Amino acid sequence: MDLFDTHTHLDAPQFDEDRDEVIARAVEGGVSRMVNIGFNRETIPTTMALAEKYDFIYAAVGWHPVDAITMKKDDLEWIASLCQHDKVVAIGEIGLDYHWDTSPKDIQQQVFRQQIGLARELKMPIVIHNRDAHEDVVRILREEKAKDVGGIMHSYSGSWETAKICLDMGFHLSFGGPITFKNAKQPKEVLAQVPMDRLLLETDSPYLTPHPFRGKRNESAHVRLVAEAAAQIKGMDLEEIAQITTKNSLGLFGIM
46 MDLFDTHTHL DAPQFDEDRD EVIARAVEGG VSRMVNIGFN RETIPTTMAL
96 AEKYDFIYAA VGWHPVDAIT MKKDDLEWIA SLCQHDKVVA IGEIGLDYHW
146 DTSPKDIQQQ VFRQQIGLAR ELKMPIVIHN RDAHEDVVRI LREEKAKDVG
196 GIMHSYSGSW ETAKICLDMG FHLSFGGPIT FKNAKQPKEV LAQVPMDRLL
246 LETDSPYLTP HPFRGKRNES AHVRLVAEAA AQIKGMDLEE IAQITTKNSL
296 GLFGIM
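Everything in the sequence shown is counted per this note's numbering, starting at 46 for the first residue and increasing by one.
Here is the structure:
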């Protein structure tokens, strides 16, 4: 088994007591590579430390929309400098979050645009966080010519109509634990229609834990459960889903 967890937060405090064991379980379970997400002033350094410690862990760095109000000019320059590191494979997670009232929408949109512009300048893919902001996310991606860089719609939860727009802009759609939930009708319907060369898997651990561990801490080893659900939805073998989604991930991130 060769699985790729394209979105995890192994530096989160939930793993402080057993981080090495969690990572070892993932490897033993067939997870050959992971991308850890550094999304603010606190998590970018810990993400980079993980990427430098483990050969098979890569980094994405960016500024999360809930923290948009804290981003300074120096932070954007910091992200740009880190993108020169050979273990940094994407800018993210970036985007819009209208669920949590922590950063004004106009500031979120400004920070989002700045980071798309940086990605275009550096020719880096982007990892999109989108919560309750589908229309504005799509509009800004179009206006900022995000098609030039592409990337990932992380933990995709939107409609098939929105998915088609994202696919037309060159984005991959990534799915996690929710596709294992009995009541998650829309993500399953969308996944069933996503072209195989645009499909990615993730955990978003320690969040969005798949069935049957829902309610407990998630970890990267559980990407296998996501792969099993995706295989069932697609009517394919688990090994085939793993092989294709890992190939997609390697190509998108430019990992040899």
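Think of the CB as a built atom: it goes at the ideal place given N, C-alpha and C, for glycine as much as any other residue.
Keep in mind that this is a model prediction, so the values were computed, not measured.
Bounds of the beta strand (DSSP E) holding residue 140 are 133-142.
Ranking 273, 171 and 231 by CA distance to the CA of residue 246 puts 273 first. Look at the stretch 227-273 and you find these whole runs of beta strand (DSSP E), each 3 residues long or longer: 244-246.
The shortest C-alpha to C-alpha distance from residue 239 to any of 215, 256, 132 and 228 is the one to 215.
Distance check between residue 201 and each of 194, 193 and 212 places 212 closest, using alpha-carbon atoms only.
In chain order, 56 place their CB closer than 7 Å to the CB of residue 88, counting only its own chain and leaving out the 5 sequence neighbours on each side. Under the three-state reduction of DSSP output, residue 54 falls in the coil class, being neither helix nor strand. Excluding sequence positions up to five before and after residue 73, its CB lies within less than 8 Å of the CB of 266, all in the same chain and listed in chain order. In the structure shown, the three-state DSSP call for residue 104 is strand. Two segments are said to touch when three or more pairs of C-beta atoms, one from each, lie closer than 8 Å; by this definition the stretch 285-298 touches the stretch 242-260. By the neighbour-count criterion, in which 16 or more other beta carbons inside 10 Å mark a residue as buried, residue 126 falls on the exposed side.
Buried is the label assigned to residue 189, since at least 16 other Cβ atoms lie within 10 Å of its Cβ. As summarised for the stretch 176-212, the continuous beta strand (DSSP E) elements at least 3 residues long and confined to that stretch are 196-198, given in chain order. Between the C-alpha atoms of residue 168 and residue 193 there is a straight-line separation of about 8 Å.
For residue 148, the secondary structure class from DSSP, reduced to helix, strand or coil, is coil.
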